[in-house]
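Asks:
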Amino acid sequence: MASSDYAAVSFDDSDTRRDEMHSTIEQWIDDLVDSVDDAQTSAEFQEWLDVQRQFHDYSYRNTLLIKQQCPEASRVAGYRTWQAEFDRHVEEGEQAIWIWAPIITKRCPECENSPSYHANTDCEYDATPPEEWSRGLVGFRPAPVFDISQTNGEPLPDLETAATGDAGTLVGQLTDAASELGVTVRIVPEEEWSHGNARGICQRLSLVDVQPLVEVKDRANEADLARTLVHEYAHALLHFDVDDDTERAKREVEAEAVAYIVGRYCGLDTSGSAFYLATWESDDADVIRERLGRISRTSTEIIALLED
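Number 226 in the UniProt record's numbering belongs to position 226 of the sequence shown; there are no gaps in the numbering.
#1: Go to Asp-147, then tell me how far its beta strand (DSSP E) extends in each direction, as first and last residue.
#2: To the nearest angstrom, report how far apart Val-216 and Ala-143 are at their CA atoms.
#3: Distance, Cα to Cα, Trp-193 vs Glu-26?
#4: Tell me which residue opens and which closes the alpha helix (DSSP H) that Gln-203 is part of.
#5: Just how far apart, CA to CA, sit Glu-112 and Cys-70?
#6: Considering only the alpha carbon of each residue, which of Ala-249, Glu-110, Arg-227 lies closest to Ala-167?
#7: In chain order, what residues of the same chain lie with their CB nearer than 8 angstroms to the CB of Glu-222, ignoring the 5 residues before and after it?
#8: For Asp-37, does the three-state DSSP call read helix, strand or coil?
#9: Ends of the beta strand (DSSP E) at Pro-212?
#10: Quick check on Pro-115: does DSSP put it in helix, strand or coil?
#11: So, is Lys-67 buried or exposed, given that buried needs 16 or more other C-beta atoms within 10 angstroms?
#12: Tyr-276 and Thr-164 - do their beta-carbons sit closer together than 7 angstroms?
#13: Is Asn-197 helix, strand or coil by DSSP?
#14: Just verifying my parser: in three-state terms, what is the DSSP assignment at Pro-109?
#15: Ser-223 by DSSP, collapsed to three states: which one?
#16: Apply the 10 Å Cβ neighbour rule to Tyr-60 and answer buried if 16 or more other Cβ atoms are within range, or exposed otherwise.
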């Protein structure tokens, strides 16, 4: 898009304003869906995807273990895997994240134990000798892995998802709007940021406080800082009481679509949202359109506060 395509938008204060906003947001959603489709077929995205496929798809149990030990972990692999596959090295002094690794070896067709355990059981299977048994899962063992934030070396392919443009006073407007949205907001200096590679988070302030806490990492790019604030505000408004990891991709679609719409309304270039969403919805970008009602209502609520 040309720079002129990112001029701020305004809607006339008239009886047709609501319909005009709705139709404009619908058009922007169509634009976003098309952009996600284009992003998924780009060489840049395919290179990124090829690298991501080298990482294990961990079980739900291991995902919980990783989250408990390193909440901000984004990409984890074993010590040797980081070296051999990605030319990265675990930094000295880093603590391992422990998961359960499967033990695959020859096992008894009847009791499904390995030969060493089978010898100490009451199983009487002797139709075939142990050396002829098929390999299979016989148990699990603790295994150490490390997050990418604990390593250094060759960079992995990255996707440029940051918003750009002239944010003007938008960051201040958004922080001022927090109380109206029922959100506590903090912009955290980069040196104090403790949430890994995340640019922002939305979480409960305390066990007794039901108000969402939004924290975003401060940065020089105020356009992207504003986009991140809107993204986390959307989580606070739409997903704060949802605790279901299986819905995470759909929640990210909604929050980023809201950030795209509000950013576009304010004249920012939020085209990087297409890459962001492509990483979550690699099979069906139309899920964005399917959730249009929730996205539209939340975008309109935030835009109305900015206008006020």
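Just so it is clear, CB atoms sit at the ideal spot from N, CA and C, and this is done for glycine as well.
Replies: In this structure, then:
#1: Residue 147 sits at position 147 when you count from the first residue of the sequence shown. Where Asp-147 is concerned, the enclosing beta strand (DSSP E) starts and stops at 135-147.
#2: What you label residue 216 is simply residue 216 of the sequence shown in a count that begins at 1. What you label residue 143 is simply residue 143 of the sequence shown in a count that begins at 1. If I take the Cα positions, the gap works out to 33 angstroms.
#3: As a working mapping, residue 193 is identified with position 193 in the sequence shown. As a working mapping, residue 26 is identified with position 26 in the sequence shown. Trp-193 and Glu-26: Cα-Cα distance of roughly 36 angstroms.
#4: Taking the first residue of the sequence shown as position 1, residue 203 is located at position 203. DSSP places Gln-203 in no alpha helix (DSSP H) but in the uninterrupted beta strand (DSSP E) bounded by 200-204.
#5: What you label residue 112 is simply residue 112 of the sequence shown in a count that begins at 1. What you label residue 70 is simply residue 70 of the sequence shown in a count that begins at 1. Separation of Glu-112 and Cys-70 (C-alpha to C-alpha, rounded to the nearest whole angstrom) is 34 angstroms.
#6: One-based indexing of the sequence shown puts residue 167 at position 167. With respect to the C-alpha of Ala-167, the residue from Ala-249, Glu-110, Arg-227 having the closest C-alpha is Arg-227.
#7: For the purposes of this step, residue 222 is taken as residue 222 along the sequence shown, with counting starting at 1. Within the same chain, Glu-222 has close Cβ partners Ala-167, Leu-170, Val-171.
#8: For the purposes of this step, residue 37 is identified with residue 37 of the sequence shown, where counting begins at 1. Looking at Asp-37 - three-state DSSP - the assignment turns out to be helix.
#9: Your numbering for residue 212 matches position 212 in the sequence shown. Here the beta strand (DSSP E) through Pro-212 covers 212-217.
#10: Position 115 of the sequence shown, counted from the start, is the residue given in the question as residue 115. Helix at Pro-115.
#11: Start at 1 with the first residue of the sequence shown, and residue 67 comes out as number 67. Lys-67 comes out exposed.
#12: By one-based count along the sequence shown, residue 164 stands at place 164. By one-based count along the sequence shown, residue 276 stands at place 276. No, Cβ-Cβ distance for Thr-164 and Tyr-276 is not below 7 angstroms.
#13: On the sequence shown, residue 197 is found 197 positions in, with the first residue counted as 1. Correct three-state label for Asn-197: coil.
#14: The residue you call residue 109 lines up with position 109 of the sequence shown. Reduced to three states, the DSSP call for Pro-109 is coil.
#15: As a working mapping, residue 223 is identified with position 223 in the sequence shown. Residue identity check: residue 223 is Ala in the sequence provided, not Ser. Ala-223: helix per DSSP, three-state reduction.
#16: Stepping through the sequence shown from its first residue, residue 60 is reached at position 60. Classification for Tyr-60: exposed.
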